[in-house]
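Residue numbers (the UniProt record's numbering): 1 to 102.
Even for Gly, the Cβ is constructed at its ideal location relative to N, Cα and C.
A short worksheet on the structure shown next.
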């Protein structure tokens, strides 16, 4: 039909709960936290276009020791010293951070 326009696509109707604060506990707790962050990144890809933005989002939900531990990584992001390499599907390629010094 002439003159008929397609409606604009609806925004993502799915609303996720905020990730639970993470205190650095290993095991299931850490796996759940990483899963929650990943779920947000997959559900709202336009809000997480780079690895650095995903990392900043994750740090927002860290507390206690993990919040302190994450500061050097945040400084790299703020100083634009964080890699943002992408793979062929335009998804940021996970990069392994530096290992802790003895």
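| request: Reducing DSSP to helix, strand and coil, say where residue 61 ends up. | output: By 1-based counting over the chain shown, the position of residue 61 is 61. Taken through DSSP and simplified to helix, strand or coil, residue 61 comes out as coil.
| field | Start-to-end residues for the alpha helix (DSSP H) that takes in residue 41 | value | For the purposes of this step, residue 41 is identified with residue 41 of the chain shown, where counting begins at 1. Bounds of the alpha helix (DSSP H) holding residue 41 are 28–43.
| request: Confirm, please, whether the CB-CB distance from residue 19 to residue 36 is below 8 angstroms. | output: Locating residue 36 in the chain shown gives position 36, counting from the first residue. Locating residue 19 in the chain shown gives position 19, counting from the first residue. Yes; because the gap between Cβ atoms is below 8 angstroms, this pair is in contact.
| Contact check, residue 22 vs residue 57 under 8 angstroms by CB: the rounded distance? | Within the chain shown, residue 22 is the residue found at index 22, counting from 1. Within the chain shown, residue 57 is the residue found at index 57, counting from 1. With 8 angstroms as the limit, residue 22 and residue 57 do not qualify as a contact, their Cβ atoms being about 12 angstroms apart.
| field | Nearest to residue 40 (by Cα), restricted to the options 72, 16, 28, 66 | value | Numbered from its first residue, the chain shown carries residue 40 at position 40. Residue 40 has its Cα closest to that of 16, out of 72, 16, 28, 66.
| Close Cβ partners of residue 53 (< 8 angstroms) along its chain, the five nearest in sequence each way excluded | Residue 53 sits at position 53 when you count from the first residue of the chain shown. Answer for residue 53: 47, listed in chain order.
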